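Have a look at the structure below, then the notes.
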Amino acid sequence: MKTTKRVFAALLAVLLTFSLAGCQRSEKLDIPDAQNGSDDFQKNLHQTDKLSFLETDTGYYFTWSSLYYIAKDTMTATPVCAKPECDHRDENVCNAIIHADYILTGGERIYYVGYDNEPKTVGSVKLDATNRETVQELKFNETSNSQSSYDRAIYHRGYVYYISDDILYRVKLGGEKESAEIIWSPEDAGSSQSYADGRVDFNPNAIHYSLWADGDSLYFMVNAQTADGTYKDVLFQCGLDGSDVKQAWVTPDKDEVGEWEKTGVSVSQWYITNGYIYFYLSGGDFWRTELATGKLEKLADTHAQTQYGSAVFSDDYLALLSELPADFYGEVTEGGRYRVPGDSIFLYGIDGTLKKEISTEPLREALDGTIAVDMLMCDSTDVYFLATTTTYSTQYGFPVGNTGSITLWRANFETGEVTQLYKLR
28 MKTTKRVFAA LLAVLLTFSL AGCQRSEKLD IPDAQNGSDD FQKNLHQTDK LSFLETDTGY
88 YFTWSSLYYI AKDTMTATPV CAKPECDHRD ENVCNAIIHA DYILTGGERI YYVGYDNEPK
148 TVGSVKLDAT NRETVQELKF NETSNSQSSY DRAIYHRGYV YYISDDILYR VKLGGEKESA
208 EIIWSPEDAG SSQSYADGRV DFNPNAIHYS LWADGDSLYF MVNAQTADGT YKDVLFQCGL
268 DGSDVKQAWV TPDKDEVGEW EKTGVSVSQW YITNGYIYFY LSGGDFWRTE LATGKLEKLA
328 DTHAQTQYGS AVFSDDYLAL LSELPADFYG EVTEGGRYRV PGDSIFLYGI DGTLKKEIST
388 EPLREALDGT IAVDMLMCDS TDVYFLATTT TYSTQYGFPV GNTGSITLWR ANFETGEVTQ
448 LYKLR
């Protein structure tokens, strides 16, 4: 729920204090063509809110306060700024500093949704991050008091799909604001529920959406109250124009798939391709369901490799990072809610076959301090992830985490090599 996210974010803000680290300076920047090769939603890049990726024929663009580029041939990462001696800190000087929540698509220009606009806008830049333009303003729910509430947007076959105050819209890239179509909306979207004592609770319809597209179908996952009163991840499917909305899948119960970290509520990671939803259950196993028939199939006993874990998918692979329960406030919490990365990344084929085990020991050798690892995405050759170092001190009797470095890494499926690509801070 959005309220839960706000509370958790506020807690993190209290516990964590951040220190600025030096940025790397620009080297010679060779900007390639950003043609995608396809106008379809780039599914494997849409599994994290830590970074936003765009794949091109020659590499990846990604955003983390600035726009960066990873060249596939050399596996080097650099800010998209060719100014000599630029330290990439001053947005009035550095081309690369772009306020983007997520990248939508590429071509002769890169299109993205900005995060410093209310309401949100789609912007674009040239491939060297110059010549910024506002392409269009996104429509919002005009009956709501919260007109800047937007969830992550996706791009698929010429359209931008996005959520504003619980309403799912689509609009042509570059289209007029008022041409946006409503794909789906709950009752009383954007409203709040008030109580006699004056409290205003969260909007019961203010549910987090995860958008997806696969071929001729649009999908959206919501965490909603089901008929028995429990909250579950529920997947809906419809045509790309919003026609024929139907429930396609719901989080299975433990009698179907066994117990896992969030039994009966949500799955840890999921991926839709070719009419199947593939899902990994942290504390459980790797499964898939055929959406047309509801047929459920276990693909791998992943709990045999790790008690807990986090994962990312591609059309070919599941990359699973092993995780271990961790001490927090002096105790290990039930279910391993606070975890640290284990010593391996396990690579499974999409059919469930265990392909390779890759050691994460290079992280510990290269980095000092507690390490948190966020899985980002994988392709046909590599898995990408963030590594964050943290040191702890005590202030007013409470542990306070101080973030040190944040670095981008990759692990290669063929060689098993784990290498650092860029120091983000």
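Just so we're on the same page, the working numbering is the position in the sequence shown counted from 1, plus 27. C-beta atoms are modelled at their ideal positions from N, C-alpha and C, and glycine is treated no differently. Quantities reported herein were computed from a predicted structural model and do not represent experimental measurements.
- Partner residues in a beta bridge of F68, as assigned by DSSP, do not exist.
- Judged by DSSP secondary structure, P389 falls within the alpha helix (DSSP H) whose first and last residues are E388 to A393.
- Restricting attention to beta strand (DSSP E) runs no shorter than 3 residues, the region 93-142 encloses them at 94-98, 104-106, 127-132 and 136-141, ordered along the chain.
- Around the Cβ of G86, a 10 Å sphere holds 16 or more other Cβ atoms; the residue is buried.
- Put simply, the backbone Cα of S206 is about 49 Å away from that of I385.
- Of the other Cβ atoms in all chains shown, 16 or more fall within 10 Å of the Cβ of D178; this residue is therefore buried.
- Within its own chain, the residues whose Cβ lies closer than 8 Å to the Cβ of Y305, once the five positions on either side in sequence are excluded, are W297, Y298, I299, F313, W314, R315, L326, F340, L345 and I377, listed in chain order.
- Per the coordinates, the alpha-carbon of R136 lies some 23 Å from the alpha-carbon of E145.
- Exclusion of the five residues before and after T101 leaves no residue of its chain whose Cβ lies closer than 8 Å to its Cβ.
- Contact between K166 and G185 does not hold, since the beta-carbon distance rounds to 17 Å and is not under 8 Å.
- Exposed is the label assigned to L323, since fewer than 16 other Cβ atoms lie within 10 Å of its Cβ.
- Taking 8 Å as the upper bound for CB-CB distance, Y307 and A275 are not in contact here, some 18 Å apart.
- Per DSSP, K322 lies in no beta strand (DSSP E) segment and is marked neither H nor E.
- Pairing T253 with D280, the inter-Cα distance amounts to about 13 Å.
- Counting along the chain, the unbroken beta strand (DSSP E) around V162 starts and ends at E160 to E164.
- With distances taken between CA atoms, D241 lies nearest to C265 out of C265, N250, V261 and A251.
- Looking at the backbone, the Cα of W436 and that of Y411 are separated by about 6 Å.
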